[in-house]
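Asks: The structure under discussion is supplied below as structure tokens; questions concerning it will follow.
See below:
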């Protein structure tokens, strides 16, 4: 299947700092990427939908100024957690949709564990 | 709004046996897709199987098959010859057809496999 990479896999930062997470589709062009947040033993919660070349669409309750999303190319989207606080500690997962071949299937990155001290 | 319900939070199966994970959904759309994703302890989401709503034939991928009942809005996953590596959290998901559609996930079910 298609491959989506995510970097870093784990990050620990101090409260008040900003953290950038990268998501890349390695073998297909993704016009749409998604960012999720997941707490232990829970389902994935969609934070925002990122379309290449346009502003991201945020889900209700997600602060767009805190979670900055940039979809600069068809293979790269970034999520920046600005002024991170301990309550932002979570597992963040990106996903990319492969529109080619008629499958239109969504593939997921391996996730990033963020710990804010 | 679309909803996906996985009512069983946990299940257990003996190695080599068969287990069925249930999922129901609610939608007013006629064209949509259904998915089962597996999330092992590594937390990497892996697509297990996919079903197009317009297809009457149930999807099959090796030991994994689905029972898609469109009228009942039911989409269960059957795992045959269960293996220890099947132990994971399984999520049922729905997405309507269309470029701007989003996945709607169920709450997930934790499957354990007894050796």
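Chains as they are written, first to last, in my numbering: chain Y, 1 to 117; chain F, 1001 to 1115. In this text, a Cβ means the ideal position worked out from N, Cα and C, and glycines have one as well. It should be emphasised that the depicted structure is a prediction, and the values quoted were computed from it without experimental measurement.
Determine, using beta carbons only, whether residue 28(Y) comes closer than 8 Å to chain F.
Replies: Mapped onto the first chain, residue 28(Y) falls at position 28. Not closer than 8 Å to any Cβ of chain F, the Cβ of residue 28(Y) fails to qualify, so no.
Asks: With respect to the beta strand (DSSP E) encompassing residue 1037(F), which residues constitute its N-terminal and C-terminal limits?
Replies: By one-based count along the second chain, residue 1037(F) stands at place 37. Element bounds for residue 1037(F): 1032-1039.
Asks: Among the residues of its own chain, which have a CB less than 8 Å from the CB of residue 1014(F), if the five just before and after it don't count?
Replies: Position 14 of the second chain holds residue 1014(F). The answer, listed in chain order, is 1082, 1113 and 1114.
Asks: For residue 194(Y), name the three-state secondary structure that DSSP assigns.
Replies: Because residue 194(Y) is not part of the residues shown, which for chain Y are 1 to 117, the question remains open.
Asks: What does residue 1063(F) reach in chain Y if we use C-beta pairs closer than 7 Å?
Replies: Position 63 of the second chain, counted from the start, is the residue given in the question as residue 1063(F). Per Cβ cutoff of 7 Å: no residues; residue 1063(F) is ~17 Å from chain Y at best.
Asks: At 7 Å on the CB atoms, spell out the chain Y contacts of residue 1105(F), in chain order.
Replies: Stepping through the second chain from its first residue, residue 1105(F) is reached at position 105. Ordered by position in chain Y, the residues that pass the 7 Å Cβ test against residue 1105(F) are 43 and 44.
Asks: Distance cutoff 8 Å, beta carbons only. Does residue 106(Y) sit that close to anything in chain F?
Replies: Looking up residue 106(Y) in the first chain gives position 106. With 8 Å as the cut-off, residue 106(Y) counts as an interface residue toward chain F.
Asks: Rounding to the nearest angstrom, what Cα-Cα distance links residue 1012(F) and residue 72(Y) in this structure?
Replies: One-based indexing of the second chain puts residue 1012(F) at position 12. One-based indexing of the first chain puts residue 72(Y) at position 72. Going from the Cα of residue 1012(F) to the Cα of residue 72(Y) covers about 44 Å.
Asks: Is there a Cβ of chain Y sitting closer than 8 Å to that of residue 1102(F), yes or no?
Replies: By 1-based counting over the second chain, the position of residue 1102(F) is 102. Closer than 8 Å: yes.
Asks: For the candidate residues 1036(F), 1029(F) and 1028(F), whose alpha-carbon lies nearest to that of residue 1022(F)?
Replies: Sequence index remark: in the second chain, residue 1022(F) carries index 22 (1-based). Here the closest residue by C-alpha is 1036(F).
Asks: Are the C-beta atoms of residue 112(Y) and some chain F residue less than 8 Å apart?
Replies: For the purposes of this step, residue 112(Y) is taken as residue 112 along the first chain, with counting starting at 1. Chain F contact via Cβ: absent.
Asks: What residues in the region 57-70 of chain Y have a beta carbon less than 7 Å from any beta carbon of chain F?
Replies: Taking 7 Å as the Cβ-Cβ cut-off against chain F, none of the residues of the region 57-70 of chain Y qualify.
Asks: Can a CB atom of chain F be found closer than 8 Å to the CB of residue 91(Y)?
Replies: Here residue 91(Y) corresponds to residue number 91 of the first chain, with the count starting at 1. By this cut-off, residue 91(Y) is an interface position.
Asks: Please list, in chain order, the chain F residues whose beta carbon lies closer than 9 Å to that of residue 49(Y).
Replies: In the first chain, residue 49(Y) corresponds to position 49, counting from 1. Near residue 49(Y) (Cβ distances below 9 Å), the residues of chain F are 1100 and 1102.
Asks: The beta strand (DSSP E) with residue 1076(F) in it runs from where to where?
Replies: Along the second chain, read from residue 1 onward, the residue named residue 1076(F) stands at position 76. Residue 1076(F) -> beta strand (DSSP E) spans 1074-1079.
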